[in-house]
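Residue numbers (this note's numbering), protein chains in the order written: chain A, 84 to 369; chain B, 382 to 657.
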């Protein structure tokens, strides 16, 4: 009786999530094996691996994979290193720490499209932007960031958004650090650097792993910043996997090839997800 | 210099450094806010102007040009709608998993988490075609359905951890007094966890409000929320930074303030309880 009720209570969540996962995913798998272009209505036919072949041999593919790796890797390194440093910096009380914390985490709540437009126009514009002004004040020639260093510009925008997340997680984690242990180490003459290196970093190893995996999953499908600021260009120089799939699906209407690309993205994300779920599961007590 | 003086100096140095970094990182938001009160000429003035006579006309023009309030209403309806529906579906599930855990509860929770790991771009094509075939393209209903499903795992997880932390003794006492499951939920569990439910809802609203991938790809003029409306400002029609800033400020301000209030829930919700 009790078991029936608990099952009934869980049923809606489980059923809708099951449908949400199975229907689109099996459709993606099916589409990836047929020739299907929205521009050419007509009978679709089974083509086997041809879509995958087409997607992988597309000259944009290797660039997109390279850009995706570079984007995910750089943002991870920037946010984790700066995140650890900044959260350690604001761990001890100082004047106005609460306000500093609020200022530091605010960029996370700026919507990605606004993020991209503010950076593209007001910061990075080669004529009127803040950077152009700084460069000129220093006697340098202003740089057209988005056309000269498109991927780097995207990395800056995305890091600006995700650094606050890393700070927030690490600050939370540092609050549970054993302060007596730190004081004892200080008494024994340990320097701040030693305490940071041998007590704080080990304490943060788990939060760092979690941040890396969660960010990796979100960063794998960065889309809005690219869509708004560079449109993947110039050429393919700032196209990542997500933008390439969008381009195939909604700009070239090539359903089959886009689906093949989508499945490649799913497989890549699942490699990360596997480790994340294992790490979360270890910590979960029911 | 004595040891206490040295310590004080160190605190001042650390504090100043932290302030400088925080102000630099916050600068783009501050600049956007400032620019929204400038005229277009002042917005692109070179060198940039810090002091000027503020004007409110940008806000009026934004409303006129792109019907700001209509898109803001879309954002409100979509994020509140998706959040409320997700809460209604998630509360019973989280309740039964927290109070009557079975052998498979852990597996179900982890499986729910895994559905969140599916990259949206992997299912872009089928979701787009399904929305088109069922007339959900560019409708609020379409986005509400997708956002509900997108955030459901996070909501179940957060509610589960709140319910699990409720003192078991109170529930047992209520049962001894003859409370039925229904009164137990409505009279004991809900009042005790109302804070948790509200902050879970707040996090869900933030995530819906800022979602850009589905908003851009599935809406046009009718159901576009603010994320998609602002994306339309990327077309190079000329320089209108002051108006762009006004629209952006209006779109971001409420959510930044919401965010300040639920920092802890954000960590818990987005790390699935792995960091406490």
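By construction, the Cβ of each residue, glycine as well, lies at the ideal position given by its N, Cα and C atoms.
Residue 409 (chain B) reaches chain A at 190, 193, 198, 201, 202, 205, 206, 213 and 243, counting residues in chain order whose Cβ is nearer than 9 Å. Identification of residues in the stretch 106-118 of chain A having a C-beta nearer than 8 Å to some C-beta of chain B yields 106, 107, 108, 110, 111 and 114, given in sequence order. When DSSP assignments are scanned along the stretch 531-615 of chain B, the uninterrupted stretches of alpha helix (DSSP H) that are 4 or more residues long and fall wholly within it turn out to be 549-557, 575-591, 594-599 and 607-612. If you look at residue 280 (chain A), you'll find it isn't in any alpha helix (DSSP H); DSSP assigns it neither H nor E. The Cβ neighbour count for residue 498 (chain B), taken over all protein chains shown within 10 Å, is at least 16; the residue is labelled buried. Shown in chain order are the members of the stretch 639-654 of chain B whose Cβ falls below 9 Å from a Cβ of chain A: 639, 640, 641, 644, 645, 647, 648, 649, 651, 652, 653 and 654. In the DSSP assignment, residue 430 (chain B) falls outside any alpha helix (DSSP H) and carries neither an H nor an E. The beta carbons of residue 435 (chain B) and residue 411 (chain B) sit no closer together than 8 Å. Residue 265 (chain A) and residue 561 (chain B) have their C-alpha atoms some 51 Å from each other. Here DSSP, grouped into helix, strand and coil, assigns residue 489 (chain B) to helix. Within the same chain, Cβ atoms closer than 6 Å to the Cβ of residue 324 (chain A) are found at 147, 151 and 348, the five residues on either side in sequence being excluded. The closest CA to that of residue 528 (chain B), considering only B:486, B:630, B:606 and B:404, is found on B:606.
With respect to residue 110 (chain A), residue 500 (chain B) sits apart: the two C-beta atoms are not nearer than 8 Å. Taking 4 residues as the shortest admissible run, the stretch 245-301 of chain A contains the following complete alpha helix (DSSP H) segments, listed from N- to C-terminal end: 262-270 and 275-278. Close to residue 306 (chain A), with beta-carbon spacing below 9 Å, are these residues of chain B in chain order: 501, 502, 593, 594, 597 and 598. Exposure of residue 276 (chain A) is indicated by the presence of fewer than 16 other C-beta atoms within 10 angstroms of its C-beta. Taking a cut-off of 8 Å on C-beta distances, the stretch 345-359 of chain A touches the stretch 292-305 of chain A, as three or more cross pairs fall below it.
For a Cβ distance threshold of 7 Å, residue set 403 and 406 of chain B lies close to residue 187 (chain A), ordered along the chain. Between residue 200 (chain A) and residue 615 (chain B), the C-beta gap is smaller than 8 Å, which places the two residues in contact. Using a 10 angstroms sphere on the CB of residue 288 (chain A), the tally of other CB atoms stays under 16, which defines it as exposed.
Interface flag for residue 353 (chain A) against chain B is set, since a Cβ pair is found closer than 8 Å. The Cβ atoms of residue 251 (chain A) and residue 647 (chain B) sit closer than 8 Å to each other.
When the beta-carbon positions are compared, residue 467 (chain B) and residue 536 (chain B) come within less than 8 Å of each other. Under DSSP, no beta-bridge partner is assigned to residue 439 (chain B). If the five residues before and after residue 241 (chain A) are omitted, its C-beta is found closer than 8 Å to the C-beta atoms of 154, 158, 302, 305 and 308, all from its own chain and listed in chain order. In the same chain as residue 112 (chain A), and ignoring 5 residues on each side of it, the C-beta atoms closer than 8 Å to its own belong to 342 and 346, in chain order.
Contact with chain B is found for residue 216 (chain A), since one of that chain's Cβ atoms lies less than 8 Å from the residue's Cβ. Proximity of the stretch 164-183 of chain A to the stretch 392-406 of chain B meets the contact definition, three or more beta-carbon pairs being nearer than 8 Å.
Neighbours of residue 412 (chain B) across chain A, judged by C-beta separation under 9 Å: 201, 205, 206 and 213. At a cut-off of 8 Å, the C-beta of residue 622 (chain B) has a neighbouring C-beta in chain A. In the structure shown, residue 323 (chain A) falls within a coil segment according to DSSP collapsed to helix, strand and coil. Beta-carbon to beta-carbon, residue 600 (chain B) and residue 524 (chain B) are separated by about 7 Å, close enough to satisfy the 8 Å threshold.
For residue 396 (chain B), the closest Cβ of chain A is nearer than 8 Å.
In the DSSP annotation of this structure, the continuous segment of the alpha helix (DSSP H) that includes residue 455 (chain B) starts and ends at 449-480.
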